[in-house]
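Engineer: Residue numbers for the sequence shown follow this note's numbering, beginning at 465 and rising by one. Below is one structure. I have some questions about it.
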Amino acid sequence: MQQKLNEIRESVRARLEKAVESSHIEEIRVNVLGRKGELTQLLKGMGKLSAEERPVIGQMSNQLRAEIEGWLDQKTRELQDKEKAARLAKETLDISIPGKEMQQGNQHPLTATMEHLVEIFVGMGFTVVDGPEIEDDHHNFELLNVPKGHPARDAQDTFYFNDNLLLRTQTSAVQSRVMLSQKPPIRIISPGRVYRADEVDATHSPVFSQCEGLVIDKGITMADLKGILDQFAREMYGEGIKTRFRPSFFPFTEPSAEVDVTCAACHGEGCRICKGTGWIEILGAGMVNPNVLSMCGIDPNEYTGLAFGIGLERVTDLKFNVPDMRLLFENDLRFLMQFGKGRI
Ligand code: DAH
């Protein structure tokens, strides 16, 4: 039996020598010390030994067991350390490699202008409202004093879904919706997209953006309109900017005006952009026509109103010195990246 114990000792040693993975050690442990392991099996035969031999062999096998356990633990640790070192070597992070540059986007100049504009009017106490881009003839034209057959429709041909539904030609359509759903005092702006069946050129596009403004209260006058628009122009373009009101015609306002601001490119001196006039038109405005008030359920004897419709592309072009409106729609990154942190 003693010899058997020695054989087990030697074979464990030999197997440990050859083990190259920590999982092999566990196999050896099971094979030798497990319930059906070699040493365990051997000890089961102890009953056959004489009374003198039994304690001696018992002690020897306990010693061997402790010895083997020690070796197994040591070898496991050794192999685990090696495995860890190998893994770390493979996973090495080379922090000297330069990072991949992520291209950073920025706001579209039109969006930036629209947000700036909204901020300015909110600062003057206006509320922002939204209106549908698919509008009906009634709100887009009829309620704004433009009945069927009115010549003002010629300048605003658009895309029709049927006789009644169309892509709105002006954010002014929101005026009628607001007046029908709110009671005065009213002080709103409504920025958004509008559509017209126009050919594309440097100043025209079949889709463009406007911001409508509407104020209705008792005693609103043209002076309020001038004050509001002057304030807007100064905040958008800086203190030196001036506005100019030219008499004009819109069916939904009386009197009506087209409003110019000093050309930012030449500071009013006259240049190619302002065609030598020193002024650039950015909006239409006026006092809300009493007919419109009545049609929308507001008593014109009690209330007066002012309205304006700002061309957002114009305002943007002027702010950023953009010579051609098409640049705002073509999504050419070489153009767009000039407006933010992610410049190329
Ligand atoms: N809706 C007009 C257009 O698209 C612009 C406009 C003019 C709006 C006068 C107004 C206004 O609110 O009072 O040409």
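Just so you know, even glycine gets a beta-carbon here, dropped at the ideal spot from N, CA and C. On a predicted model such as this, the values are computed, not experimentally measured, just so you know.
Measuring straight from C-alpha to C-alpha, what distance separates T591 and G775?
Structural biologist: Answer to the nearest angstrom: the Cα atoms are 19 Å apart.
Engineer: Straight-line CA distance for D688 to G595?
Structural biologist: Straight-line Cα distance between these residues: approximately 25 Å.
Engineer: Say the cut is 7 Å; is the CB of F716 nearer than that to a heavy atom of the ligand DAH?
Structural biologist: Correct: F716 has its Cβ closer than 7 Å to the ligand DAH.
Engineer: So for E722, helix, strand or coil by DSSP?
Structural biologist: Strand at E722.
Engineer: Given a threshold of 16 other Cβ atoms within 10 Å of its Cβ, counted over all protein chains shown, does Y624 qualify as buried or as exposed?
Structural biologist: That one is exposed.
Engineer: From the DSSP output, in three-state form, read off G773 for me.
Structural biologist: G773: strand per DSSP, three-state reduction.
Engineer: Looking only at its chain, what residues have a beta carbon closer than 6 Å to the beta carbon of L543, apart from the 5 residues adjacent to it on each side?
Structural biologist: Closer than 6 Å at Cβ, skipping near neighbours: S486.
Engineer: Taking the alpha-carbon positions, what's the E547 to K539 distance?
Structural biologist: Taking the straight line joining both Cα atoms gives about 12 Å.
Engineer: Does the ligand DAH have even one heavy atom less than 7 Å from the beta-carbon of G656?
Structural biologist: Checking the Cβ of G656 against the ligand DAH gives no.
Engineer: Could you check the C-alpha separation between T556 and A697 for me, to the nearest Å?
Structural biologist: The straight-line gap from Cα to Cα measures roughly 59 Å.
Engineer: Please determine whether the Cβ atom of F585 lies at a distance below 7 Å from any heavy atom of the ligand DAH.
Structural biologist: F585 Cβ: outside cutoff for every heavy atom of the ligand DAH.
Engineer: When the distance is taken between beta carbons, is L770 closer than 8 Å to I684?
Structural biologist: For I684 and L770, yes; Cβs fall inside 8 Å.
Engineer: Which residue's Cα is closest to the Cα of C724: C735, R778, S673?
Structural biologist: A quick correction: the sequence has Asp, not Cys, at residue 724. Cα-wise, what sits closest to D724 is R778.
Engineer: So who's on the other strand from W535, going by DSSP bridges?
Structural biologist: BP columns for W535 are empty, so no partner.
Engineer: Starting from the C-beta of L782, find all residues in its chain whose C-beta is less than 6 Å away, skip the five residues before and the five after it, and write them out in chain order.
Structural biologist: Same-chain partners within the cutoff: A728, I744.
Engineer: If you run the structure through DSSP and keep just helix, strand and coil, what is G509?
Structural biologist: G509: helix per DSSP, three-state reduction.
Engineer: Taking Cβ positions, are G498 and T504 nearer each other than 8 Å?
Structural biologist: Yes. Within cutoff.
Engineer: Quick check on DSSP: helix, strand or coil for V642?
Structural biologist: Here V642 sits in helix by DSSP.
Engineer: Where does R708 sit, in a helix, a strand or coil, going by DSSP?
Structural biologist: It is a strand residue.
Engineer: Starting from the C-beta of L792, find all residues in its chain whose C-beta is less than 8 Å away, skip the five residues before and the five after it, and write them out in chain order.
Structural biologist: So the qualifying residues of the chain are H572, P573, L574, E777, T780, D781, V786.
Engineer: Go ahead and pull the three-state DSSP assignment for L852.
Structural biologist: Nothing about residue 852 can be reported from this structure: the residues present for the chain run from 465 to 808 only.
Engineer: Buried or exposed: where does Q674 fall if 16 or more other Cβ atoms within 10 Å of its Cβ makes it buried?
Structural biologist: Answer is buried; the Cβ neighbour count reaches 16.
Engineer: Hey, would you say the C-beta of E599 is under 7 Å away from at least one heavy atom of the ligand DAH?
Structural biologist: Not so, every heavy atom of the ligand DAH lies at least 7 Å from the Cβ.
Engineer: Kindly give me the distance between the Cβ atoms of R660 and Q695, rounded to whole angstroms, as I take these residues to be in contact under 8 Å.
Structural biologist: With 8 Å as the limit, R660 and Q695 do not qualify as a contact, their Cβ atoms being about 29 Å apart.
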